[in-house]
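In order, the protein sequences belong to chains A and B. Per the working numbering, numbering of the first sequence is gapless, rising by one per residue and ending at 115. Per the working numbering, numbering of the second sequence is gapless, rising by one per residue and ending at 237. Below is one structure, written out as structure tokens; comments come after it.
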Amino acid sequence: SQQGEEDPQALSIQEGENATMNCSYKTSINNLQWYRQNSGRGLVHLILIRSNEREKHSGRLRVTLDTSKKSSSLLITASRAADTASYFCATDEEQTSGSRLTFGEGTQLTVNP
Amino acid sequence: DTEVTQTPKHLVMGMTNKKSLKCEQHMGHRAMYWYKQKAKKPPELMFVYSYEKLSINESVPSRFSPECPNSSLLNLHLHALQPEDSALYLCASSQDEERTSYNEQFFGPGTRLTVL
Numbered sequence: 003s004q005q006g007e008e009d010p011q012a013l014s015i016q017e018g019e020n021a022t023m024n025c026s027y028k029t030s031i032n033n034l035q036w037y038r039q040n041s042g043r044g045l046v047h048l049i050l051i052r053s054n055e056r057e058k059h060s061g062r063l064r065v066t067l068d069t070s071k072k073s074s075s076l077l078i079t080a081s082r083a084a085d086t087a088s089y090f091c092a093t094d095e096e097q098t099s100g101s102r103l104t105f106g107e108g109t110q111l112t113v114n115p
Numbered sequence: 122d123t124e125v126t127q128t129p130k131h132l133v134m135g136m137t138n139k140k141s142l143k144c145e146q147h148m149g150h151r152a153m154y155w156y157k158q159k160a161k162k163p164p165e166l167m168f169v170y171s172y173e174k175l176s177i178n179e180s181v182p183s184r185f186s187p188e189c190p191n192s193s194l195l196n197l198h199l200h201a202l203q204p205e206d207s208a209l210y211l212c213a214s215s216q217d218e219e220r221t222s223y224n225e226q227f228f229g230p231g232t233r234l235t236v237l
């Protein structure tokens with residue numbers, strides 16, 4: 003079952019603007035990850051934030067994590083047309099054995115040139 | 122080499138066919154995964170192999186049969202599939218599923234499967 007919910011489901015912005023996507027989850031996690039998927043292709047890992055971290059940066063990406071609210075946000079600054087893709091959050095849940103990622107429903111980002 | 126490869130890229134099969142999907146990685150990763158993804162939906166985990174042993178089966182129907190011949194290869198054998206099994210099948214690998222702080226997954230490009 004998918005525990006992550008993302009909003010918005012779709013986001014359309016102009017090049018140069020910032021894009022913010024949000025993710026909520028339900029269970030305790032080890033870490034939360036963000037992935038990007040271009041249409042019909044494999045997913046690309048963007049950034050991982052551990053449960054004891056609150057904010058992380060990577061290039062134009064900024065991720066926050068609030069474990070008390072069970073939510074995370076992904077900010078893409080100075081967006082480019084090439085950022086057009088689907089973005090998924092994925093939670094790595096605490097559990098006694100094994101490891102699984104549970105993906106949110108995703109946000110379809112369109113950056114207009 | 123930081124790539125996960127999958128073959129074939131596209132597969133069309135009838136409901137009585139037997140086919141296999143293949144996945145390969147040479148990053149020394151010890152965990153490998155199969156996901157199923159329907160259009161406009163997130164990937165859904167099917168199987169996890171850890172150190173070449175099946176560690177997670179997400180109640181997948183037996184018409185899907187995974188196999189891990191060695192630490193670099195992962196197969197998904199398909200038999201008697203249904204049209205609703207048509208989807209993008211993604212393979213992924215990660216360093217070590219128990220070291221969860223490093224459990225970023227590397228995905229292959231997927232196999233687009235159509236069942237007629």
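Idealized CB from N, CA, C, for every residue including glycine.
{"Asked": "Does DSSP put residue 182 of chain B in a helix, in a strand, or in coil?", "Found": "coil"}
{"Asked": "Tell me where the beta strand (DSSP E) around residue 110 of chain A begins and ends.", "Found": "109 to 114"}
{"Asked": "Give me the chain B residues within the contact set of residue 76 of chain A, using Cβ-Cβ distance strictly less than 9 Å, ordered along the chain.", "Found": "Residues of chain B passing the Cβ test: none, with the nearest at roughly 15 Å."}
{"Asked": "For residue 12 of chain A, which residues does DSSP report across the bridge?", "Found": "A:110"}
{"Asked": "So if DSSP puts residue 24 of chain A in a beta bridge, which residue, or which two residues, is it bridged to?", "Found": "A:9 and A:75"}
{"Asked": "Could you check whether the Cβ of residue 142 of chain B sits closer than 7 Å to any Cβ belonging to chain A?", "Found": "no"}
{"Asked": "Counting pairs of beta carbons, one from the segment 222 to 236 of chain B and one from the segment 125 to 143 of chain B, are three or more of them closer than 8 Å?", "Found": "yes"}
{"Asked": "What is the DSSP secondary structure of residue 94 of chain A, reduced to helix, strand or coil?", "Found": "strand"}
{"Asked": "Relative to the C-alpha of residue 111 of chain A, which residue among A:103, A:7, A:39 and A:56 is closest?", "Found": "A:39"}
{"Asked": "Within this structure, are the beta carbons of residue 140 of chain B and residue 199 of chain B separated by less than 7 Å?", "Found": "yes"}
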